[in-house]
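First comes the structure, then the notes that go with it.
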Amino acid sequence: MSRGRLLMTNIVAFVVVLALIAGGAYYYIQNNNYVTTDNAKISGDLHTITAPADGKLSAFNLEEGKKVSKDDELGKISGAEKSMSVKTPADGTIIKKQANNDQMVQAGQTLASEVDMDSLYVIANIKEDELKDIEEGDQVDVTVDGDDDTTIDGSVEKIGYATNSLFSLMPKSNDDGNYTKVTQTVPVKISITNSSNKVLPGMNAEVKISKN
């Protein structure tokens, strides 16, 4: 092997070793200082606007994206006995309209859904063996698929009191002796402060929580 080729081989080997060392160091730092997961979604307090009585819906000139305030009158229900107002239960933005003018509706029927877009948060599902490393108030970096060029500031607001599997409709039984241990996850609510209008409820997110 020529001296030039030997030198090039040594340089490549050296660069590879450096890359492995750097990668290992990065993994070590990340693992020791942060809890991370991409099992997270943007969420918000969802409210439904419902029909207060049976009857015909009128003056319901509502569009998705419209901002509303608590107790705003959005329309009327004309029934057999009297006319009743359709009002909003909270401040928010209409994210789905589910009824139209002149439609016959029933009491309790959902007419629209709203979310307070100014108070969105993240629900991150954290592995049970990592919960010991976080606590309320820990700082969080959030990246959202819909706005992946921006890192959103967040903080741990609340840690759940049960695993997600506890509320499964069909929990698995281990009575047959073939039980395989599966790592459980616990929902953690993360408040966010500087999200843009590109961030929408239901979007996937990735979080990096600073360990306590």
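Sequential numbering from 86 applies to the sequence shown in our numbering.
Glycine residues also receive a C-beta, built at the ideal position from the N, C-alpha and C atoms.
These figures come from a predicted structure and were not determined experimentally.
Is the Cβ-Cβ distance between Ile-134 and Thr-173 less than 8 Å? yes
Any contact of the stretch 190-207 with the stretch 121-137, i.e. 3+ C-beta pairs under 8 Å? yes
Gly-239 and Met-288 look like a contact to me (Cβ under 8 Å); what is the Cβ gap, rounded to whole Å? Actually they do not touch by this definition, with Cβ atoms about 14 Å apart.
Taking C-alpha atoms, which residue in Asn-279, Asn-282 and Ser-250 lies nearest to Glu-213? In terms of Cα proximity to Glu-213, the closest of Asn-279, Asn-282 and Ser-250 is Ser-250.
Leaving out five residues on either side along the sequence, give the residues of the same chain with a beta carbon under 7 Å from the beta carbon of Tyr-119. Cβ contact annotation for Tyr-119 (same chain, cutoff 7 Å, sequence separation greater than five): Lys-293, Ile-294, Ser-295 and Lys-296, in chain order.
Whose CA, out of Ile-277, Leu-159, Glu-149 and Gln-188, lies closest to the CA of Gly-140? Gln-188
Is Gly-287 helix, strand or coil when you go by DSSP? coil
For Ser-276, the first and last residue of its enclosing beta strand (DSSP E): 270-277
Gln-224 - partner residues in DSSP beta bridges: Ser-240
So which of Glu-149, Glu-242, Val-153 and Lys-217 has the shortest CA-CA distance to Ala-184? Glu-149
Sort Val-227, Asp-223, Ala-192 and Ser-280 by Cα distance to Asp-203 and report the nearest one. Ser-280
Return the CA-CA distance between Lys-152 and Leu-159, expressed in angstroms with no decimal places. 12 Å
Cα-Cα separation, Met-169 to Gly-129: 29 Å
Tell me which same chain residues have a C-beta within less than 8 Å of the C-beta of Lys-243, skipping the five on either side of it? Glu-221, Val-273 and Lys-274
Along the beta strand (DSSP E) that carries Asn-146, what are the first and last residues, could you check? Looking at the DSSP string, Asn-146 is not in any beta strand (DSSP E), and its letter there is neither H nor E.
Less than 8 Å between the beta carbons of Val-284 and Val-225, yes or no? no
Whole-angstrom distance between Gln-191 and Thr-121, CA atom to CA atom: So the two alpha carbons sit approximately 46 Å from each other.
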